[in-house]
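Participant:
Residue numbers (this note's numbering): 1 to 733.
Here it is, written out as structure tokens:
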């Protein structure tokens, strides 16, 4: 594709541009672009870079709060976490590359999200991921899982940043298009945040990091198109990562940031040198002039087109104050990295590229950055699914067998096989007792910590995008609260199919509007994010998957709760109301093969009230262990609590609703608490005062989980829970 060809509608179509978009380019320029210019327009106007189908609706998301320092629009979001510090974080997709080349696709996804965070001045302190794979029986699934997990571990472990949490699901809807969403959280002094906007004409543009090769050319275009039978031929559009080089780049950039020489800094991510230079110039309303001969290259004979569209990894673009270039050179040389002056900012407003003595590109930046096509695409909402009457759903013949089947199903089975391949303790600040609903990472040298999690329930979003969008945010809020953290802000990764289809656009709009309502009501703003569309193969879209990454603050690490900590004789309290909602539940899907029914409704006022109550009780140190209720309902959560503590439970079942609905219903805004008897009495009294539903449902002790019709040893439950993933990856059924 790098060989220059005649520019026209046919080439524009190959570059992913619609006929009207190509005409728009002709109108903006008043002439036909050359090959390089067309390539630059195509990547900047791709869905991946321009958000042309979603931007209109993303504006509905609340982005402000007193603790928000920088919301969407920069490389990552920034929030104030006190003591002069800021947390900087973002989640981003690497879906298409990971399907085509699992190891490098996932590895470079980790590398890219790290750069988004440290380019703003933060030292990365935690990585998370949210993974979705196809049916375990599909012939590609095992290979994709192995490659993706190895890529995430291979990059994160080598670069020396702990991978502390995430989630992994399986569903046939991802057979042709897996999802690999990576999240990174960093910490920086709040008065030392770096931004990407150029500020003046005449500043020096310095390229730093690794050399440019031909890998990843047109990666942004590939990420903005559907898959078909020929998709695996797109391997050349997948980047190749070097985590050791990234580690050097992190240290070099953080050292450079200690000097008074940076005007602006931007990583070279999607669309590489094109997006970084255009975004810096566009945000600062200045022109950019680059000398392509000066770009460090690892391959011979590269054209300007190839250099501008390459997505080679471990590279940054820095605008340096005039006369300070030697500082950048010295620091990069110290760390064994390239540093080259490749251009300057100008007052022309144009992107000008010079190569081998010729001007090979001269186009205005504004149409590239500010005037990309924006679409108000038509959308339709799907019909509401009927509410499932719990009494109409058959009860299990054997409660213990039903629980075992759920604990060993691909979605709920232990993912130990995955996370044991990740270094979770490097840097020494991953909280030793972490094992709760959110990861806990100590703020270095202090007794404070960040809590971090990723959440979404795609089957809820499939059933009702609006309620599913609300629930994704609410569950994230709940998981942070369950470890005692005050939820502060979220990042999102919106994964959907082809927005040109009204029913898919309806999913996008519905989910965003549900998320927006939840963020408003929970005071939980969105500060960064990513949109990944066209996730489908041969017209079959993935389940709508708006992944949410949340960050909360723990002011005192002695005031936390995790799954662990339950003691013999503890009372088990159920916080929240239980109606036995089985629509869109795992019980209905796994035991009755029915993916139907409306998902559980989300009462946001109740979510906030119960979460505030839970946090208050954890802060009062009355709680030994805490776990939120989600997939699989009450009995699954109780079994997980029991397995985490290697301690049995004796539970008392429901009286007013069908027993199986009580045990497996997925009603929202609920938690299980284990507390000593005298503390449990105080919690119950406080709950009554606060108007929060609370009831004692059991006592801890023994070596089995017991209830009416249930007597399952903790050991047998653990065997079922732990056994599926290793057996699957070893080639078992």
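C-beta atoms are modelled at their ideal positions from N, C-alpha and C, and glycine is treated no differently. In this text, all values refer to a predicted model and were calculated from it rather than measured experimentally.
Using CA atoms only, rank isn't needed, just tell me which of 553, 204, 108 is closest to residue 80.
Facilitator: Taking only the C-alpha atoms, the option nearest residue 80 is 553.
Participant: Considering only the beta carbon of each residue, do residue 615 and residue 484 sit closer than 8 Å?
Facilitator: The answer is yes: Cβ separation under 8 Å.
Participant: For residue 409, which option in 728, 644, 46 has the closest C-alpha, if you only look at C-alpha atoms?
Facilitator: It is 728.
Participant: Roughly how many whole angstroms lie between the Cα atoms of residue 256 and residue 370?
Facilitator: Answer to the nearest angstrom: the Cα atoms are 30 Å apart.
Participant: Can you tell me which of 350, 250, 173, 293 puts its alpha carbon nearest to the alpha carbon of residue 285?
Facilitator: When each option's Cα is compared against that of residue 285, the closest is 350.
Participant: Along the alpha helix (DSSP H) that carries residue 613, what are the first and last residues, could you check?
Facilitator: Unbroken alpha helix (DSSP H) run through residue 613: 604-619.
Participant: Which same chain residues, not among the five before or five after residue 269, have their C-beta less than 6 Å away from its C-beta?
Facilitator: Answer for residue 269: 112, listed in chain order.
Participant: Could you pull the DSSP bridge partners for residue 355 from this structure?
Facilitator: Beta-bridge pairing links residue 355 to 358.
Participant: If you draw a straight line from the C-alpha of residue 157 to the C-alpha of residue 423, how long is it?
Facilitator: The straight-line gap from Cα to Cα measures roughly 6 Å.
Participant: What residue from 129, 117, 76 has the CA that sits closest to residue 93's CA?
Facilitator: Of the listed residues, the one whose Cα sits closest to residue 93 is 129.
Participant: Let me confirm a value: residue 736 is counted as buried when at least 16 other C-beta atoms fall within 10 Å, else exposed. Which label applies?
Facilitator: The chain is shown from 1 up to 733; residue 736 falls before or after that span and cannot be answered.
Participant: Runs of 4 residues minimum, wholly inside the region 651-718: which ones carry the alpha helix (DSSP H) assignment?
Facilitator: With a minimum length of 4 residues, the continuous alpha helix (DSSP H) runs that stay inside the region 651-718 are 659-664, 677-690.
Participant: Please state whether DSSP places residue 207 in a helix, a strand or coil.
Facilitator: Reduced to three states, the DSSP call for residue 207 is strand.
Participant: For a test of the three-state rule: what should DSSP assign to residue 530, helix, strand or coil?
Facilitator: Residue 530 falls in the strand class under three-state DSSP.
Participant: Could you tell me which of 154, 178, 60, 33 sits nearest to residue 419, measuring between CA atoms?
Facilitator: Selected option, being the one with the closest Cα: 154.
Participant: Using alpha carbons as the reference points, say which of 498, 208, 717 lies closest to residue 272.
Facilitator: Measuring from the Cα of residue 272, the nearest candidate turns out to be 208.
Participant: Short of 7 Å in beta carbon distance, which residues of its chain neighbour residue 621, apart from the five on each side in sequence? Order them along the chain.
Facilitator: Closer than 7 Å at Cβ, skipping near neighbours: 559.
Participant: Measuring only the C-alpha atoms, how far is residue 172 from residue 138?
Facilitator: Whole-angstrom Cα-Cα distance: 8 Å.
Participant: Look up residue 459 in the DSSP assignment and say whether it is helix, strand or coil.
Facilitator: Three-state DSSP puts residue 459 in a helix.
Participant: To the nearest angstrom, how far is the alpha carbon of residue 627 from that of residue 28?
Facilitator: Rounded to the nearest angstrom, the two C-alpha atoms are 56 Å apart.
Participant: Give the straight-line distance between the Cα atoms of residue 637 and residue 673, rounded to the nearest whole angstrom.
Facilitator: So the alpha carbons of these two residues sit roughly 11 Å apart.
Participant: Rounding to the nearest angstrom, what Cα-Cα distance links residue 177 and residue 694 in this structure?
Facilitator: Approximately 43 Å between the Cα atoms of the pair.
Participant: Cutting at 8 Å between CB atoms, please list the residues of its own chain near residue 445, excluding the five before and the five after it.
Facilitator: None.
Participant: Quick one: what's got a C-beta closer than 7 Å to residue 722's C-beta in the same chain, skipping five residues either side?
Facilitator: Same-chain partners within the cutoff: 414, 416.
Participant: Could you compute how far the alpha carbon of residue 724 sits from the alpha carbon of residue 629?
Facilitator: Near 22 Å, if we compare the C-alpha coordinates of residue 629 and residue 724.
Participant: If we count Cβ pairs, one from each stretch, closer than 8 Å, do we get three or more for the region 508-516 versus the region 63-78?
Facilitator: No, because fewer than three Cβ pairs between the region 508-516 and the region 63-78 fall closer than 8 Å, the two stretches do not touch.
Participant: Inspect the CB distances between the region 643-651 and the region 533-545 and report whether three or more fall short of 8 Å.
Facilitator: The region 643-651, when compared against the region 533-545, does not touch it at the 8 Å Cβ threshold.
Participant: DSSP state of residue 487, grouped into three classes?
Facilitator: Correct three-state label for residue 487: strand.
Participant: Using a Cβ-Cβ cutoff of less than 8 Å, which residues in the same chain neighbour residue 211 once the five nearest sequence positions on both sides are dropped?
Facilitator: Excluding sequence neighbours, residue 211 sits near 296, 297, 298, 312, 338.
Participant: Taking the C-alpha atoms as reference points, what is the distance between residue 387 and residue 33?
Facilitator: So the alpha carbons of these two residues sit roughly 56 Å apart.
Participant: Per DSSP, residue 179 forms a beta bridge with which residues?
Facilitator: DSSP lists 132 as partners of residue 179.
Participant: Please report the straight-line C-alpha distance between residue 691 and residue 399, rounded to a whole angstrom.
Facilitator: Near 32 Å, if we compare the C-alpha coordinates of residue 399 and residue 691.
Participant: Along the chain, where does the beta strand (DSSP E) that runs through residue 315 open and close?
Facilitator: Here the beta strand (DSSP E) through residue 315 covers 315-320.
Participant: Who are residue 568's beta bridge partners in DSSP?
Facilitator: None, per the DSSP bridge assignment.
Participant: What do you reckon, are the CB atoms on residue 544 and residue 492 nearer than 8 Å?
Facilitator: Cβ atoms of residue 544 and residue 492: not closer than 8 Å.
Participant: Can you give me the C-alpha to C-alpha distance between residue 397 and residue 599, rounded to a whole angstrom?
Facilitator: Cα-Cα distance, rounded: 25 Å.
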